[in-house]
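In terms of UniProt numbering, the sequence shown opens at residue 1 and continues consecutively.
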Amino acid sequence: MASVIEIDPLVDPRWDALVESHPFGWITHLSGWKRVLDDSFPHLKGHYLALEEPSGVLVAGLPVFQTWSLFGGRQLVSLPQATLCDPLVRSEEELAPLLAALRALAERLNCSGAELRTLTAAPLFSDPTLDERRRFRYHYLMLRADPEELMPAFHRSCVRQRIARAVEAGVTARPGTGVGDLELFYRLYLGARKRIGLLPQPYRFFAALWSEFHPSGLVTLTMADYAGAPVAALLLFRYGKRVSAEVSVGDEAYRGVSPNHLLFWEAIRAACREGYEVFDFGRTPVEHKSLLDAKNRWGTLSHDLCHYHYQRSGTSERDGKEVLRSVALLRKAVPTLPRFAFRMAGNFCYRHLV
Numbered sequence: 001m002a003s004v005i006e007i008d009p010l011v012d013p014r015w016d017a018l019v020e021s022h023p024f025g026w027i028t029h030l031s032g033w034k035r036v037l038d039d040s041f042p043h044l045k046g047h048y049l050a051l052e053e054p055s056g057v058l059v060a061g062l063p064v065f066q067t068w069s070l071f072g073g074r075q076l077v078s079l080p081q082a083t084l085c086d087p088l089v090r091s092e093e094e095l096a097p098l099l100a101a102l103r104a105l106a107e108r109l110n111c112s113g114a115e116l117r118t119l120t121a122a123p124l125f126s127d128p129t130l131d132e133r134r135r136f137r138y139h140y141l142m143l144r145a146d147p148e149e150l151m152p153a154f155h156r157s158c159v160r161q162r163i164a165r166a167v168e169a170g171v172t173a174r175p176g177t178g179v180g181d182l183e184l185f186y187r188l189y190l191g192a193r194k195r196i197g198l199l200p201q202p203y204r205f206f207a208a209l210w211s212e213f214h215p216s217g218l219v220t221l222t223m224a225d226y227a228g229a230p231v232a233a234l235l236l237f238r239y240g241k242r243v244s245a246e247v248s249v250g251d252e253a254y255r256g257v258s259p260n261h262l263l264f265w266e267a268i269r270a271a272c273r274e275g276y277e278v279f280d281f282g283r284t285p286v287e288h289k290s291l292l293d294a295k296n297r298w299g300t301l302s303h304d305l306c307h308y309h310y311q312r313s314g315t316s317e318r319d320g321k322e323v324l325r326s327v328a329l330l331r332k333a334v335p336t337l338p339r340f341a342f343r344m345a346g347n348f349c350y351r352h353l354v
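Here it is as structure tokens:
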């Protein structure tokens, strides 16, 4: 009979073997993701729960991190900084003992609760003690061997014409090849985040991602140049059968030549050529109608992302409305911050945003 154990994926190769063989396995499940989080956010503490057969083979897993934030107090999250992820389970029978171990871990660590994020595993969640929340929507394209077959489903004026406009204007796409390009990406990222009132993730997070995953091709960067200067960038995750557009940024001054549309198209074409089956457009807050519409115009399929919340008996969750008010006030203040204060505020707040 299988039993739940806790393992260290950095020293036990069975964990990555499980990720690589599992249909839900993704880059954020790999041991390297733990290294990235350890390097970027040392206050996070990882606990990797695994279902082990008597033979020693791991058949399922649930990676969680202990977090502490002003918004949620002390809780467990699977997985921090991961826009898309699932528990590594194939059935409710595999999930049940992992959930029991999760509850015991929350009790032992005195956490108020836990958040489990899903992409495709939601049908396996039937536990009535878990609160289902649908705050994000996920968009994706099913790829074809010939990317041109996808083009007719793209919106004529909002996508196809804008790709053509970028080409006619002389915008070119090239791979990001080193730390210098990563720094150019981050400069564009800072400008984009400040413009829309969002704090930036620390540069050390992107540097850790690049150092850990770029050498093996699991994280790549594509830059768009116009008139000899970088004007947009797209950070991609590549693993298994999927490519995911994780961060898209651009210089607002060059929006008229549509560099980001060209980057997405070139990324989709490359994914088709390389034999990937799915291109992710990532997750979007359900209240962000303009971004939802923009992703729909690429002919995408979509569904809600279900997050499941467990609240320990005798503890209370912080009022969600209070959190939303705090975030709204912060977004108003962000565009007025000097550059150094903007980066410092991001470094501080991303200790509390997981």
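Beta carbons: idealized from backbone N, C-alpha and C, even for Gly.
| field | When A267, L262 and L116 are compared against Y238, the one with the closest alpha-carbon | value | Checking the displayed sequence, the identity of residue 238 turns out to be Arg instead of Tyr. Residue A267 is the option with its Cα nearest to R238.
| field | Expected contact under 8 angstroms - CB spacing of V278 and L143 to nearest Å | value | Sure, about 7 angstroms apart at Cβ, within 8 angstroms.
| request: Could you spell out where the beta strand (DSSP E) holding V4 opens and where it closes? | output: For V4, the uninterrupted beta strand (DSSP E) run begins and ends at S3 to I7, by DSSP.
| task | Mind listing, in chain order, the continuous alpha helix (DSSP H) runs of no fewer than 4 residues lying wholly within the region 30-55? | result | Secondary structure remark: continuous alpha helix (DSSP H) runs of at least 4 residues inside the region 30-55, in chain order: 31-40.
| field | P259 vs A227 beta-carbon contact at 7 angstroms | value | No, the Cβ-Cβ distance between P259 and A227 is not below 7 angstroms.
| Sequence-distant residues of its chain with Cβ nearer than 7 angstroms to D319 (five each side left out) | Note that D319 scores 49 on pLDDT, short of 50, meaning its location in the model is unreliable; the coordinates nonetheless yield the value given after this. There are no such residues.
| query | Is it buried or exposed for G113, if we count other Cβ within 10 angstroms and need 16 for buried? | reply | By the 10 Å Cβ count, G113 comes out buried.
| request: Note down, in chain order, each residue of its chain lying with its Cβ closer than 6 angstroms to the Cβ of D38, except the 5 sequence neighbours on either side. | output: Hits under 6 angstroms: none found.
| task | Quick one: grab the DSSP three-state call for V247. | result | Here V247 sits in strand by DSSP.
| message | Here's the rule I'm using: 16 or more other beta-carbon atoms within 10 Å means buried, otherwise exposed. How should F340 be labelled? | response | By the neighbour-count rule (16 or more Cβ atoms within 10 Å), F340 is not buried but exposed.
| task | Give the DSSP-derived three-state secondary structure of D319 in the structure shown. | result | Because the pLDDT of D319 is 49, which lies under 50, any placement of that residue in the model is unreliable, and the number read from its coordinates should be weighed accordingly. Looking at D319 - three-state DSSP - the assignment turns out to be coil, as it is neither helix nor strand.
| query | Which parts of the region 91-167 are runs of the alpha helix (DSSP H), unbroken and 4 residues or longer, counting only runs that do not cross its ends? | reply | The qualifying runs are 92-108.
| message | I'd like the span of the beta strand (DSSP E) that includes L292, first residue to last. | response | For L292, there is no enclosing beta strand (DSSP E); the enclosing alpha helix (DSSP H) has its first and last residue at K289 to N296.
| Would R137 be called buried (16 or more neighbouring beta carbons within 10 Å of its own) or exposed? | That one is buried.
| request: Could you pull the start and end residues of the alpha helix (DSSP H) that R273 belongs to? | output: That run of the alpha helix (DSSP H) goes P259 to R273.
| task | Assign F340 to one of three DSSP states: helix, strand, or coil. | result | Taken through DSSP and simplified to helix, strand or coil, F340 comes out as helix.
| message | Check for me: the alpha helix (DSSP H) holding W15 runs from which residue to which? | response | Segment R14 to S21, the alpha helix (DSSP H) holding W15.
| field | Cut-off 7 angstroms between Cβ atoms - residues of its own chain near S3, not counting five sequence neighbours on either side | value | Same-chain partners within the cutoff: E52.
| message | Alpha carbons only, please: which of L236, P123, K241 and L292 is nearest the one belonging to W265? | response | Of the candidates L236, P123, K241 and L292, the one whose C-alpha sits nearest the C-alpha of W265 is L236.
| query | Which partner residues of A227 appear in the DSSP bridge assignment? | reply | In the DSSP output, where bridge partners are listed per residue, A227 has none listed.
| request: Assuming L98 contacts L49 (C-beta within less than 8 angstroms), just tell me the rounded distance between them. | output: So it is a contact: roughly 6 angstroms between Cβ atoms.
| query | Cα separation between H288 and V334? | reply | Using only the alpha carbons, I get a separation of about 18 angstroms.
| field | Integer Cβ distance of Y189 from V247, believed to fall under 8 angstroms | value | Indeed they touch by this definition, with Cβ atoms about 7 angstroms apart.
| task | With DSSP as the reference, please indicate the residues paired to Y276 in a beta bridge. | result | Paired residues: none, contrary to the question.
| request: Could you tell me which residues DSSP puts in a beta bridge with T311? | output: Per the sequence shown, the amino acid found at residue 311 is Gln instead of Thr. Per DSSP, G113.
| Does the beta-carbon distance from P9 to K45 come in below 7 angstroms? | Taking 7 angstroms as the Cβ cut-off, P9 and K45 do not qualify as a contacting pair.
| Within this structure, are the beta carbons of V64 and E115 separated by less than 7 angstroms? | Judged by their CB atoms, V64 and E115 are not nearer to each other than the 7 angstroms cut-off.
| message | Pull the bridge partners of P200 from the DSSP assignment, please. | response | According to DSSP, P200 bridges with nothing at all.
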